[in-house]
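Novice: Protein chains in written order, with the numbering used here: chain A, 73 to 722; chain B, 5 to 128.
C-beta atoms are modelled at their ideal positions from N, C-alpha and C, and glycine is treated no differently.
Note that the structure is a prediction, hence the values are computed from the model and not measured.
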Amino acid sequence: MIEAPVPERESERLTALRALAILDTEPEVRFDRIADLATNVFGVPVALVSLVDEKRQWFKSCVGMDLAETDRSISFSGHAVAADQVLVVPDALDDERFTDNPLVTGPPGIRFYAGAPVHAPGSGLPIGSLCIIDRVPRRLTERERTILVELAALVEAEFAITEERRGLWLYEAVLRAATGHCVFATDASGSIVIFNAGAERLLGWRADEVVRKATPALFLDREELGGALDRAVGMDPVDVVREVVGEGVPHRLHFVTRDGARVPVSVTFTVNKDRHGRAVGLIGIATDISDQVATEERLASNERLFRTILKHITDGVVVIDREGTIGYASSAALVLVGVSAAREALGRSIFDFLHPDDIPEALGALERQRNRTGEGDPLYVRVVRADGGERDTEAVAYTLLDDPAVQGIVLTIRDITEQRALERMKNQFISAVSHELRTPLTSIKGSLGLIVGGVAGELPEQAAHLVEVAARNSDVLMQLVNDILDIERLDADAMILDVTDTPVDEIVRQAVDAAAGMAIDRDVEIETRGIDGAVLRVDGFRIGQALTNLIGNAVKFSPAGGVVRVEEEVRPDAVTISVSDAGPGIPPDMQESIFERFEQVRGLNDVMGGGTGLGLPIAKGIVEAHGGTIMVESELGAGSRFIIRLPREA
Amino acid sequence: MRKTVLIVDDAPDILEIATIALRDVGGHEVRTATNGEEALASVRAARPDAVLLDVSMPVLDGPGTVRALRDEGYHDLAIVFLTASARRAEHARLRDLGVQGVLTKPFEPMTLADQLARMLAWTP
Numbered sequence: 073m074i075e076a077p078v079p080e081r082e083s084e085r086l087t088a089l090r091a092l093a094i095l096d097t098e099p100e101v102r103f104d105r106i107a108d109l110a111t112n113v114f115g116v117p118v119a120l121v122s123l124v125d126e127k128r129q130w131f132k133s134c135v136g137m138d139l140a141e142t143d144r145s146i147s148f149s150g151h152a153v154a155a156d157q158v159l160v161v162p163d164a165l166d167d168e169r170f171t172d173n174p175l176v177t178g179p180p181g182i183r184f185y186a187g188a189p190v191h192a193p194g195s196g197l198p199i200g201s202l203c204i205i206d207r208v209p210r211r212l213t214e215r216e217r218t219i220l221v222e223l224a225a226l227v228e229a230e231f232a233i234t235e236e237r238r239g240l241w242l243y244e245a246v247l248r249a250a251t252g253h254c255v256f257a258t259d260a261s262g263s264i265v266i267f268n269a270g271a272e273r274l275l276g277w278r279a280d281e282v283v284r285k286a287t288p289a290l291f292l293d294r295e296e297l298g299g300a301l302d303r304a305v306g307m308d309p310v311d312v313v314r315e316v317v318g319e320g321v322p323h324r325l326h327f328v329t330r331d332g333a334r335v336p337v338s339v340t341f342t343v344n345k346d347r348h349g350r351a352v353g354l355i356g357i358a359t360d361i362s363d364q365v366a367t368e369e370r371l372a373s374n375e376r377l378f379r380t381i382l383k384h385i386t387d388g389v390v391v392i393d394r395e396g397t398i399g400y401a402s403s404a405a406l407v408l409v410g411v412s413a414a415r416e417a418l419g420r421s422i423f424d425f426l427h428p429d430d431i432p433e434a435l436g437a438l439e440r441q442r443n444r445t446g447e448g449d450p451l452y453v454r455v456v457r458a459d460g461g462e463r464d465t466e467a468v469a470y471t472l473l474d475d476p477a478v479q480g481i482v483l484t485i486r487d488i489t490e491q492r493a494l495e496r497m498k499n500q501f502i503s504a505v506s507h508e509l510r511t512p513l514t515s516i517k518g519s520l521g522l523i524v525g526g527v528a529g530e531l532p533e534q535a536a537h538l539v540e541v542a543a544r545n546s547d548v549l550m551q552l553v554n555d556i557l558d559i560e561r562l563d564a565d566a567m568i569l570d571v572t573d574t575p576v577d578e579i580v581r582q583a584v585d586a587a588a589g590m591a592i593d594r595d596v597e598i599e600t601r602g603i604d605g606a607v608l609r610v611d612g613f614r615i616g617q618a619l620t621n622l623i624g625n626a627v628k629f630s631p632a633g634g635v636v637r638v639e640e641e642v643r644p645d646a647v648t649i650s651v652s653d654a655g656p657g658i659p660p661d662m663q664e665s666i667f668e669r670f671e672q673v674r675g676l677n678d679v680m681g682g683g684t685g686l687g688l689p690i691a692k693g694i695v696e697a698h699g700g701t702i703m704v705e706s707e708l709g710a711g712s713r714f715i716i717r718l719p720r721e722a
Numbered sequence: 005m006r007k008t009v010l011i012v013d014d015a016p017d018i019l020e021i022a023t024i025a026l027r028d029v030g031g032h033e034v035r036t037a038t039n040g041e042e043a044l045a046s047v048r049a050a051r052p053d054a055v056l057l058d059v060s061m062p063v064l065d066g067p068g069t070v071r072a073l074r075d076e077g078y079h080d081l082a083i084v085f086l087t088a089s090a091r092r093a094e095h096a097r098l099r100d101l102g103v104q105g106v107l108t109k110p111f112e113p114m115t116l117a118d119q120l121a122r123m124l125a126w127t128p
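#1: Quick one: list the residues of chain B neighbouring HIS507(A), beta-carbon separation under 8 Å, in chain order.
#2: Please report the straight-line C-alpha distance between GLY353(A) and VAL255(A), rounded to a whole angstrom.
#3: Please identify, using Cβ separations under 8 Å, the residues of the segment 9-26 of chain B that lie next to chain A, in order along the chain.
#4: What number of angstroms, rounded off, separates the C-alpha of VAL12(B) from the C-alpha of GLN491(A)?
#5: Less than 7 Å between C-beta atoms, sequence neighbours within five positions excluded: which residues of the same chain meet that for ARG37(A)?
#6: Could you pull the DSSP bridge partners for ASN129(B) from this structure?
#7: Would you identify the three-state DSSP class for GLU80(A), choosing helix, strand or coil?
#8: ILE702(A) lies in the alpha helix (DSSP H); which residues open and close that run?
#9: Would LEU57(B) pass as a contact of LEU86(B) if the rule is Cβ separation under 8 Å?
#10: Give the residues of chain B in contact with ILE568(A), contact being defined as C-beta atoms less than 7 Å apart.
#11: Where do the N-terminal and C-terminal ends of the beta strand (DSSP E) with GLN129(A) fall, by residue?
#12: PRO3(B) touches chain A at which residues, Cβ-Cβ below 7 Å?
#13: Note down, in chain order, each residue of its chain lying with its Cβ closer than 7 Å to the Cβ of ASP487(A), except the 5 sequence neighbours on either side.
#14: Taking buried to mean at least 16 other C-beta atoms within 10 Å of its own C-beta, is LYS692(A) buried or exposed?
#15: Counting only C-beta atoms, is PRO62(B) closer than 8 Å to chain A at any point?
#16: Could you please tell me which residues of the segment 596-623 of chain A, in chain order, have their CB closer than 8 Å to any CB of chain B?
#17: Can you name the residues of chain B whose CB is closer than 9 Å to the CB of LEU733(A)?
#18: Determine, using beta carbons only, whether VAL84(B) comes closer than 8 Å to chain A.
#19: Pull up the DSSP beta-bridge partners for THR574(A), would you.
#20: I want to verify the contact list: residues of chain B whose CB lies under 9 Å from the CB of LEU522(A), in sequence order.
#21: Taking 8 Å as the threshold (C-beta atoms), are ILE690(A) and ILE559(A) in contact?
#22: For a quick check, are the C-beta atoms of ALA723(A) and ILE266(A) less than 8 Å apart?
#23: Answer yes or no: do VAL78(A) and ASP108(A) have a C-beta to C-beta separation smaller than 8 Å?
#24: State the start and end residues of the unbroken alpha helix (DSSP H) segment that holds GLU533(A).
#25: Taking three-plus beta-carbon pairs below 8 Å as touching, is the segment 247-254 of chain A in contact with the segment 266-280 of chain A?
#26: Determine, for GLY525(A), whether the minimum Cβ-Cβ distance to residues of chain B falls below 8 Å.
#27: Give the range of the beta strand (DSSP E) segment to which SER650(A) is assigned.
#28: State the Cα-Cα distance for the pair ALA96(B) and TYR470(A), rounded to the nearest angstrom.
#29: My guess is that ALA164(A) and ARG183(A) are in contact by the Cβ rule of under 8 Å, so how many angstroms apart are they, rounded?
#30: With DSSP collapsed to three states, give me the class of SER122(A).
#31: At 9 Å on the CB atoms, spell out the chain C contacts of ASN554(A), in chain order.
#32: In chain order, what residues of the same chain lie with their CB nearer than 6 Å to the CB of ILE523(A), ignoring the 5 residues before and after it?
#33: Verify whether the separation of the beta carbon atoms of ALA358(A) and VAL389(A) is less than 8 Å.
#34: If you count every other CB in all the chains shown that lies within 10 Å of the CB of GLN734(A), and 16 or more means buried, which is it?
#35: Name the DSSP beta bridge partners of ASP80(B), please?
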């Protein structure tokens, strides 16, 4: 026995065979028919469609023989494939290649064999044979040989169909898988022939409701396409596409679903052509872009809102880079600096618009702002307008250097020129009013003082009492005038502190002295503890005033016979001076508000009488102006303790 | 010890109260003027022991009066301002004009004479 040689291009041949994906598949009538035909035409008992792979021959069709495959080494077809031509063996026993072949010596007992090679579609490489077998020797006429080759060609035609069909399956699988995309196709008349699952999902129609029953006009938006679609009636659908939307480029349209909803889509139409270049239909691939459109609309809406706000807020908004170069300026900012067009500000340094004296401070603020995130402290600078005028401004910076969309520092600039002028006017007014009030008050207080002093002679008891009431209230009025002046100075940051090294004991002594008269009147004892000569760098008069207010309050709210305790405590970083009383205490919900002006503990002042409601706010303002803090500890019924804490190095 | 005090103020009510405070309560002799010019004339006519001087007045104000008096050679005439300002800066400014003291309105009429005496080191 002589084995068939290995064919040329064997590995390519095997690849082509595998690509056909026919090995080890079920028998198919279309191949069995050809084999049957061969047995009848040639009057032989056996006909096979044999495919030769690496190790074996496998029969796609096997008529007249009960075998699925044999070893390649003993196969006849292997020889037909290797030679890639018709192999005729009239008598196997006479042929040295096959005499001792088990298929000859044993079942099926082959004596005659004729095989025509079959070739893979495309590559044309031989992959097997169509062969006929007989158990007796015989010859093949020339005509029979021709028929055998023709039958082999029929087998090859079936291979080609197999391959084509598999391509279609693949396309169908792709269409099925593309559920996120709406894919449809029409024939040349515009009738829908393909409507994939994505189309069903997007449009709400089932494929069987539209295929061959409708055209894409079913879901195109008539309003959107308007007359174009009407003009298109009766037109070649290919021309419709060219006319209405154009071919091969994505268009934004709306599709109308079965429910009548309009869905925004991005759709591409392609004219489907056959191999001769004739248009045979349309293919449309659409994607639902609702989310994208919604996002775009939201962004556009945000943008509009942002622009509207910027346009209408009176504060100027400017975006600068790390060096202070202006990248954006709102219209209010342009108005502030007195330029008419953005181009006169963009690209210039923000410092070009500042008063020269304020530039060093602004440079420092920019430096701080670049090295931080978020909002900085307000900066007060003068802006020099294009016409030379000056405006007082308050600028607040917000660092967004790391924000990819901004990459800058956002400045909100408020024109406070009028506000400043108003403050100055108010201060002048208050000073003037206070001065003008003093003159009549001096007369009232003086007159009452003289009467109470007995200069005008002895008064009847009732008159003496009434004059005393008037005198006491004129004192309150005077205190009010003084307090209002102080609070205004504190508000306007105009209280000038005369800071010197001042011993604590001196401050305390003066404050205690100031309250001593009232303490005697009310039978309250003022006790000092731990007071020493620790030196503070403060305005002694003002701290004394704050302390006087606290001691005055403590005396006022102490019961008769009570004790007001003034204590000092020296710590490394600060000195605290506390004033305790055994008065009625302050409700927890008022412990913060009592430091606000004209806030007095409910109900108490009526009983205790006399108070401007400004004592604590003034004390707080003075202490805070020194960098200190003031706080209260109090329990209802158990007295109050006010604590001034002053830093030692103010 | 009885002294002569010239009180200068453009507000007649204050003038009256201060007069009672120094004359009836303090036991001093009191003369009055309603502006600086009148005050100068009064001093030239008879030199008082002290001048109690308002700050803002028509014709010639307090500071102007002080300067005029010093210019006319009354270098050691005791002058005390009576100001309606409570501002310490204003008090300092007035003191810097070379006066013996600054008192604030409103004043306590029953003790005004004592305050003045203390300020000018008058022995009772």
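Specialist: The structure says:
#1: ALA88 and SER89
#2: 13 Å
#3: Cβ contacts with chain A: ALA15, ASP17, ILE18, ILE21, ALA22, ILE24 and ALA25.
#4: 41 Å
#5: Shown here, chain A extends from 73 to 722; a query on residue 37(A) therefore has no answer.
#6: Chain B is shown from 5 up to 128; residue 129(B) falls before or after that span and cannot be answered.
#7: coil
#8: First-last for ILE702(A): 701-706, but that is the beta strand (DSSP E), not the alpha helix (DSSP H).
#9: yes
#10: ALA93
#11: 128-135
#12: This structure gives no information on residue 3(B), because the portion of chain B shown stretches from 5 to 128.
#13: LEU408, ARG463 and THR465
#14: buried
#15: no
#16: PHE613
#17: One cannot answer for residue 733(A) here, as it falls past the ends of chain A, which runs 73 to 722.
#18: Chain A contact via Cβ: absent.
#19: LEU608(A)
#20: ILE21, ILE24, ALA25, ASP28, VAL29, PRO113 and MET114
#21: Yes, Cβ-Cβ distance for ILE559(A) and ILE690(A) is below 8 Å.
#22: Since the first and last residues shown for chain A are 73 and 722, residue 723(A) lies out of range.
#23: no
#24: 533-563
#25: yes
#26: yes
#27: Where SER650(A) is concerned, the enclosing beta strand (DSSP E) stretches over 646-653.
#28: 45 Å
#29: 5 Å
#30: Correct three-state label for SER122(A): strand.
#31: No chain C appears in the structure shown, which is made up of the protein chains A and B.
#32: Result list for ILE523(A): VAL539, in chain order.
#33: no
#34: Residue 734(A) lies beyond the residue range present for chain A, which begins at 73 and ends at 722; the question has no answer from this structure.
#35: For ASP80(B), which the question treats as bridged, DSSP gives no partner whatsoever.
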